[in-house]
Each structure stands twice: as C-alpha cells, then as structure tokens.
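Under the UniProt record's numbering, the first residue of the sequence shown is numbered 1, with each subsequent residue one higher. Idealized CB from N, CA, C, for every residue including glycine.
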Amino acid sequence: MKVEQISIFIENKSGRLAEITRILGENGINIRALSLADTSDFGILRLIVNDVERANQVLKGKGFTVNKTEVVAVEVPDRPGGLGAILQTLDTESINVEYMYAFVEHCGGNAVIIFRFDETDKAIEVLKVNNFSVLSGERLYSM
1 MKVEQISIFI ENKSGRLAEI TRILGENGIN IRALSLADTS DFGILRLIVN
51 DVERANQVLK GKGFTVNKTE VVAVEVPDRP GGLGAILQTL DTESINVEYM
101 YAFVEHCGGN AVIIFRFDET DKAIEVLKVN NFSVLSGERL YSM
C-alpha cells in the first residue's frame with residue numbers, strides 16, 4: 001500500500017518549474033499530485049506521477065537531481081474533520097507525520113492525502129485497522 005513519489009531538487013529561479021513540467025508532458029507523464037517547498041536558493045518539488053520510472057529516467061537525463069520516496073495515500077471524505085480523524089488516530093499510536101499534501105478528486109467527492117511518516121509500515125497498519133482507505137499506487141497513478 002505504499003506509493004512511490006519522486007522528489008526533484010530545483011534552483012529557485014524563473015523557468016525551472018516550467019521546464020520540468022514541459023519535460024514530463026513531452027514524455028507523456030501525467031502529474032497526479034504535487035507539492036513544492038522552497039527556500040531562497042532551491043526548492044523540492046514532490047510529485048506523484050503515472051509513470052515513476054520514466055519520470056525518474058527523463059529528468060535525470062536532463063540533469064535534474066531526482067530521488068524516489070515511499071509515501072502513503074489515504075482517501076477521506078472531503079468534509080470538515082476528515083483530516084483531523086486521521087491525525088488523531090496516528091497521534092494515539094505516536095506516529096509522526098514528516099510532511100503531507102492533499103488534493104480533491106472532484107468537487108464534493110473525496111480528498112486524497114499524501115503522507116510521509118517516520119514509521120510507514122506501522123502507519124499503514126494503524127490506518128487500515130481503523131478503517132481508513134489506504135490507496136494502492138496503481139489506483140492513485142490512474143486517478
């Protein structure tokens with residue numbers, strides 16, 4: 001139930017993000033979710049894409065520093081308290097969230113939250129035991 005995410009280290013300058021999205025688009029790679037964190041000098045672009053291996057290959061081929069990371073995708077009803085219920089459950093088991101980001105499938109539907117945990121396997125087990133919907137990579141990549 002783990003999902004592969006790619007993280008791309010990019011200079012914080014005009015055009016770099018456009019370049020990455022152009023490269024991915026030209027290679028038929030669809031971005032399913034993203035998060036961008038930055039400092040004054042560089043940024044980390046985290047992506048869930050439909051073809052992780054191909055994205056990794058083409059971006060490295062263009063000189064980008066790319067890492068693959070395992071994350072967890074959880075589907076939750078898009079309503080007040082949905083995220084809070086997940087976080088409370090994780091806190092009860094002392095599982096730390098290193099970072100997270102989310103997207104909504106469609107208006108009024110479900111949200112998908114991407115998590116990076118300090119104890120990924122334990123987090124997956126706790127979420128499943130508590131009836132949260134943990135998505136497979138295949139399901140997420142095809143959304």
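* Nearest-angstrom Cβ-Cβ length linking Tyr101 and Ser35, presumed shorter than 8 Å -> 4 Å
* Residue of Val3, Glu19, Asn110, Phe115 minimising C-alpha distance to Pro80 -> Asn110
* Identify the continuous alpha helix (DSSP H) that holds Asn56 and give its terminal residues. => 52-61
* Asked: Just checking my contact of Asp121 with Glu98 at CB under 8 Å: how many whole Å lie between their CB atoms?
  -> Between Glu98 and Asp121 the Cβ distance is about 14 Å, and since that is not below 8 Å, they are no contact.
* To do: Please classify Arg16: does DSSP put it in a helix, a strand, or coil?
  => helix
* Asked: Do you know how far the Cα of Ile10 is from the Cα of Ile44?
  -> 6 Å
* What separation, rounded to the nearest whole angstrom, lies between the Cα atoms of Phe42 and Arg16? -> 10 Å
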